[in-house]
Amino acid sequence: MNKVWHDKTYFGFWLYILSDCLLFSALFATYAVLRTATAGGPGPEELLDLPFVFVQTLVLLTSNLFMGLALATKNKRKVLAALAAALLFGLIFLGLEAREFTTLIAEGHGPSTSAFLSSFFGLVGMHGLHVAVGSLWMVVVMAHVWTRPSTELREGGSVYTKLRLLGLFWHFLDIVWIFIFSIVYLLSATV
Amino acid sequence: MSLFGLLTINDFFHAEVAAVVAQLAVVLGGIGVVGYLTVARKWGYVWREWLTSLSPMRIGVMYLLLSAVMLVRGAIDAGLMRTQQAIPVEFLSPEHFAQIFTAHGVIMIFFVAMPFMFGLINCIVPLQIGAKDVAFPLLNSVGFWLTFAGAMLVNLSLVAGEFAATGWLAYPPLSELEYSPGVGVDYYIWALQIAGVGTLLSGINFIVTITTMREKGMRWMQMPMFVWTTFASMLMIIFAFPVLTATLTMLSLDRLLDMHFFTSTLGGNAMMYVNLIWAWGHPEVYILILPAFGIYSEVVSTFSQKRLFGYTSMVVATMCISVLAFAVWLHHFFTMGAGADVNAFFGIMTVAISIPTGVKVFNWLFTMFRGRIIFATPMLWFMGFLFTFVIGGMTGVLLSIPAADYQLHNSLFLVAHFHNMIIGGVLFGFFAGLTYWFPKIFGFTLHEGLGKATFWLWLVGFLVAFMPLYALGLMGATRRVADAAWLPIYQPLFMLAFVGMLIIGVAFAVQVWQLAYSIYNRKKLQADANPWGGKGLEWQVSSPAPIIGERHPLGVLTGILSLVGGFALVWQIWWVVILSLVILVALYIRNSFTTHLHHE
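Keeping their order, the protein sequence lines are chains A and B.
The first sequence begins at 288 in the working numbering and counts up by one.
The second sequence begins at -5 in the working numbering and counts up by one.
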């Protein structure tokens, strides 16, 4: 396990993130085209709850703050505590998103109501799916941190790399969310 | 809800003779392979040395085998279609005919051309850059097995149910549940999703490999052309394949969860799908042809006994193509009605992309100029390509003019054009590469005489089969028509195309004979390290190149679980879907604790 391997792994993971950007860009493009295709039903202006999503955004940002803290320390306990907090806020974020989705569906605005709602659920749901997968991954990485000696947390150690890749992924999802927040929610705000 | 989802016993019974024959062929073929391995007690050997192998050479050969098997199936499909259209007896129903042309396109692009390309890349690129392995050996194995699972899913559609009858890109609204209620489109979606992920992973792998693992001292502008074109192609994969994944995900959401991305009701927009699928689909064509261009560059230089003319301009042209390829997708549907301005832009971009391609053609010609040309089989494939590709390129420029395209759209002229590019460009290139590098992979050369016979039969067969389609297209014949009782005026040209198909069939037979003959006489055809006088690093190592690499079962297990899960998704057997997904995730988590591959 020397430096070259880490370089390769990071580079490969960056390429994966690039490809994920493309995946999201296809969904963003679809949302932009289908945004007005409400089939006579209510559009984003009527349906989306900006204050609620603002709270959701703060929750995800907080989760990322803890991820940043996890990356900043070499102390095993602190890493685990920070990851647990990041995970907790990630799960709260998912819970809030589930609440938004179920509320919309219960009010008769499910994803099969119109093309706009399909594209909304598709884009936001894809991000949610990523957060869910990331949360599972975080549990696995926590298990790695837990079971391996704390020396592995130092640069070059096996856990060091795993933690940093997870961090990259988590921050990436944050950035995607900023775009979702701006394009889906802010642009529909009726002030 | 049934234990087997939508799957019932009736899905295994087909009404048509041709369908039953195909079903039997798949079942017997599967039983034959499994039976042989069992009787010959080869399972242990195959498992250790092949299925779990992480050696890029072994993985490459498995890609090549997969490609060869699927080529047989795709070619049979083509033969059926040519026969149906030439002979005034309708032995295929329109529905079955539609499934066949869909399967033909899907198989030839995804499961013949792509594995052929990855096979050659796996075998040769590490050698050419002086690397012992790829950057992520296990990921390489996973990539192959996902491709394999996708291919097998397409074949399973012959056994249970049906395949899509929508054309190879499955345009909605035809591919929506309302108009395609069967499982055909679902087979299409999940086969492509699984194989597509594999392709993406391999793309990432080779970019990292080429970037970080080159022999000390090999700078970017010293890389062989095949490495450069592979690099460009892999970059395009990373940009294009996620779009395919997203698009097919949306189509499957429409079909599974009654969403309305692309339906004709509730605001769905079918043209959005068409835009997205071609935003992947057009780059895909260049993903295939760029590595072929690289092979031609290697071949022309070796057999002209000269350095490649204009190496730098070749690199620049390659990279230009890979960028421009993302700005031409709309030329596949000028007739959509995007308006004169949009059409003009994409028409101009399409003409523009022929400029770097032209640069390449001139570079190859100047490489031959005043060279001492050896007319070996790879060189013949190259020269055949040069001839056919220029024809195809010019008809492509014709099609790029929107006004002309309104006449030619969806006609057999278009069919002739893209076969011209994909057979004359991609396939000839991969054949050239296979012949050229065969001794490096297997340790003996293919028989030259039979190789030359194969080439000439292929060239003549190709011209006779496809040149009439240009004329037919100009006469107004549209593609994808099953009705044999067509305008009588078309009949002679369809007959001619049929004859061309027969010649290609003979070419195939000779090719198989060449392979069998060469394997039988491999002692006599044994090759030294550098049988052609090539200059690349791959000719510095022994022939066959040594097999280097560890073993790991995760790749093949991923393939099996993806195949099972994919089949269950098609038939909506949800408990199997969830079970295979859980096992898959558990395997990967366990693997993260146990596996420590040695990375250099």
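No residue lacks a Cβ here, since even glycine has one placed at the ideal position from N, Cα and C.
Computed from a predicted model, the values in this text were never measured in an experiment.
Residue from the options with nearest C-alpha to residue i
| i | options | result |
| --- | --- | --- |
| residue 106 (chain B) | B:123, B:58 and B:74 | B:58 |
| residue 236 (chain B) | B:259, B:193 and B:200 | B:193 |
| residue 353 (chain A) | A:458, A:412, A:470 and A:414 | A:458 |
| residue 302 (chain A) | B:195, B:344 and B:457 | B:195 |
| residue 356 (chain B) | B:399, B:217, B:545 and B:290 | B:290 |
| residue 502 (chain A) | A:436, A:431 and A:474 | Nothing about residue 502 (chain A) can be read from this structure; chain A reaches only from 288 to 478. |
| residue 340 (chain B) | B:228, B:62 and B:272 | B:272 |
| residue 456 (chain B) | B:500, B:512, B:149 and B:230 | B:500 |
| residue 186 (chain B) | B:30, B:230 and B:96 | B:96 |
| residue 318 (chain B) | B:399, B:226, B:85 and B:129 | B:226 |
| residue 7 (chain B) | B:101, B:139 and B:154 | B:154 |
| residue 424 (chain B) | B:374, B:125, B:238 and B:350 | B:374 |
| residue 395 (chain A) | A:306, A:329 and A:356 | A:329 |
| residue 387 (chain B) | B:349, B:361 and B:139 | B:349 |
| residue 80 (chain B) | B:570, B:475, B:433 and B:3 | B:475 |
Which of helix, strand or coil DSSP assigns to residue i
| i | result |
| --- | --- |
| residue 96 (chain B) | helix |
| residue 598 (chain B) | The requested residue 598 (chain B) is not part of the displayed model; chain B covers only -5 to 594. |
| residue 399 (chain A) | coil |
| residue 169 (chain B) | coil |
| residue 257 (chain B) | coil |
| residue 566 (chain B) | coil |
| residue 445 (chain A) | helix |
| residue -4 (chain B) | coil |
| residue 545 (chain B) | strand |
| residue 7 (chain B) | coil |
| residue 438 (chain B) | strand |
| residue 520 (chain B) | strand |
| residue 47 (chain B) | strand |
| residue 405 (chain B) | strand |
| residue 472 (chain B) | strand |
| residue 466 (chain B) | helix |
| residue 201 (chain B) | helix |
| residue 295 (chain A) | helix |
Span separating the alpha-carbon of residue i from that of residue j
| i | j | result |
| --- | --- | --- |
| residue 450 (chain B) | residue 437 (chain B) | 25 Å |
| residue 482 (chain B) | residue 469 (chain B) | 12 Å |
| residue 458 (chain B) | residue 495 (chain B) | 8 Å |
| residue 594 (chain B) | residue 207 (chain B) | Residue confidence for residue 594 (chain B) is low, a pLDDT of 39 falling below 50, so the modelled location carries little weight; the figure read from the coordinates is stated next. The straight-line gap from Cα to Cα measures roughly 9 Å. |
| residue 385 (chain B) | residue 65 (chain B) | 24 Å |
| residue 592 (chain B) | residue 586 (chain B) | In this prediction, residue 592 (chain B) scores a pLDDT of 47, lower than 50, which makes its location untrustworthy; no coordinate-derived value is stated. |
| residue 76 (chain B) | residue 450 (chain A) | 57 Å |
| residue 288 (chain B) | residue 314 (chain B) | 15 Å |
| residue 242 (chain B) | residue 162 (chain B) | 13 Å |
| residue 122 (chain B) | residue 529 (chain B) | 10 Å |
| residue 177 (chain B) | residue 71 (chain B) | 20 Å |
| residue 32 (chain B) | residue 42 (chain B) | 15 Å |
| residue 40 (chain B) | residue 47 (chain B) | 9 Å |
| residue 439 (chain A) | residue 447 (chain A) | 6 Å |
| residue 364 (chain A) | residue 312 (chain B) | 51 Å |
Amino acids of chain A, ordered along the chain, whose beta-carbon sits closer than 8 Å to that of residue i
| i | result |
| --- | --- |
| residue 524 (chain B) | Simply none; closest approach about 30 Å. |
| residue 586 (chain B) | 427, 431 and 449 |
| residue 339 (chain B) | The premise fails here: residue 339 (chain B) is roughly 18 Å from chain A at the closest Cβ pair, so nothing lies under 8 Å. |
Closer than 7 Å at the beta carbon, the chain A residues around residue i
| i | result |
| --- | --- |
| residue 163 (chain B) | Residues of chain A passing the Cβ test: none, with the nearest at roughly 15 Å. |
| residue 239 (chain B) | 310 |
Within chain B, the residues that residue i reaches when beta carbons sit closer than 7 Å
| i | result |
| --- | --- |
| residue 398 (chain A) | 251 and 253 |
| residue 403 (chain A) | 261 |
| residue 303 (chain A) | 198 |
| residue 377 (chain A) | Under the 7 Å cutoff, chain B gives no residues; its nearest Cβ is about 18 Å from residue 377 (chain A). |
Cβ distance (whole Å) where residue i is taken to contact residue j below 8 Å
| i | j | result |
| --- | --- | --- |
| residue 389 (chain B) | residue 411 (chain B) | 5 Å |
| residue 462 (chain B) | residue 490 (chain B) | 5 Å |
| residue 204 (chain B) | residue 119 (chain B) | 7 Å |
| residue 537 (chain B) | residue 521 (chain B) | 5 Å |
| residue 380 (chain A) | residue 418 (chain A) | 6 Å |
| residue 322 (chain B) | residue 276 (chain B) | 6 Å |
9 Å Cβ cut-off: residues of chain B touching residue i
| i | result |
| --- | --- |
| residue 340 (chain A) | Here the premise fails: no neighbours, minimum Cβ distance about 22 Å. |
| residue 373 (chain A) | Residues of chain B passing the Cβ test: none, with the nearest at roughly 19 Å. |
Partner residues on chain B for residue i, Cβ-Cβ distance less than 8 Å
| i | result |
| --- | --- |
| residue 320 (chain A) | 263 and 266 |
Beta-carbon neighbours of residue i, restricted to chain A and to distances below 9 Å
| i | result |
| --- | --- |
| residue 205 (chain B) | 295 and 298 |
| residue 233 (chain B) | 305, 306 and 309 |
Cβ-heavy atom distance, residue i to the ligand GDP, below 7 Å
| i | result |
| --- | --- |
| residue 481 (chain B) | Only the bare structure without any ligand can be found here, which leaves the ligand GDP out of the picture. |
Residue i at chain E interface by Cβ criterion, 8 Å
| i | result |
| --- | --- |
| residue 175 (chain B) | The structure shown contains no chain E; its protein chains are A and B. |
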